[in-house]
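Here's the structure, in structure tokens; my notes come after.
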Amino acid sequence: HRVCVLSVTHRSRTFPAHAIIHKIPKSVPPEAACYVEPLSCSFHGVERGRIEHNDTVVIAGCGPIGLGMVAAAKIKRPARLIAVDCNDARLDVARECGADAVLNPMKENVLNQTLWD
32 HRVCVLSVTH RSRTFPAHAI IHKIPKSVPP EAACYVEPLS CSFHGVERGR IEHNDTVVIA
92 GCGPIGLGMV AAAKIKRPAR LIAVDCNDAR LDVARECGAD AVLNPMKENV LNQTLWD
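Using this note's numbering, read the sequence shown as starting at 32 and increasing by one per residue.
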């Protein structure tokens, strides 16, 4: 049984030389197109985590990327998917995205809840 902790960070503000850039067709409305990049980052992060069926997965941070990671991780069918954030409204959305449990570190001991429940 493994515990995978996936955290959300972003540092780069420019495209690296090896970046793959796709043009979005005009038929895709901007309201939908704006989700392409954050969701691709979310799915990429989950793929790098190599989640297996019996894993407990913890997503630390439930902003746009973290919520995408919750949805992407759910597809991998881990034994347990936990979302952690200090914002209860974001945790509500994380549950809607597929989190089995949501934890607010301002209200509970996340380490104990994550590893031993």
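Virtual Cβ for every residue (Gly too), placed ideally from N, Cα, C.
>> To the nearest angstrom, how far is the alpha carbon of Tyr66 from that of Lys105?
In response: In the sequence shown, the residue the question calls residue 66 occupies position 35. In the sequence shown, the residue the question calls residue 105 occupies position 74. Taking the straight line from one Cα to the other gives about 18 Å.
> Using the C-alpha atoms, what's the distance from Glu68 back to Val101?
Replying inline: In the sequence shown, counting from the first residue as 1, residue 101 sits at position 70. In the sequence shown, counting from the first residue as 1, residue 68 sits at position 37. Distance from the CA of Val101 to the CA of Glu68, rounded to the nearest whole angstrom, comes to 16 Å.
> Where do the ends of the alpha helix (DSSP H) carrying Ile106 lie?
Replying inline: Mapped onto the sequence shown, residue 106 falls at position 75. Counting along the chain, Ile106 sits inside the alpha helix (DSSP H) bounded by residues Pro95 to Ile106.
>> Rounded to the nearest angstrom, what separates Gly97 and Cys128 at their Cα positions?
In response: Reading the sequence shown from its first residue, position 66 is the one you call residue 97. Reading the sequence shown from its first residue, position 97 is the one you call residue 128. Answer to the nearest angstrom: the Cα atoms are 10 Å apart.
> Do the stretch 84-95 and the stretch 50-64 make contact, defined as three or more Cβ pairs closer than 8 Å?
Replying inline: Contact between the stretch 84-95 and the stretch 50-64 is absent, with fewer than three C-beta pairs closer than 8 Å.
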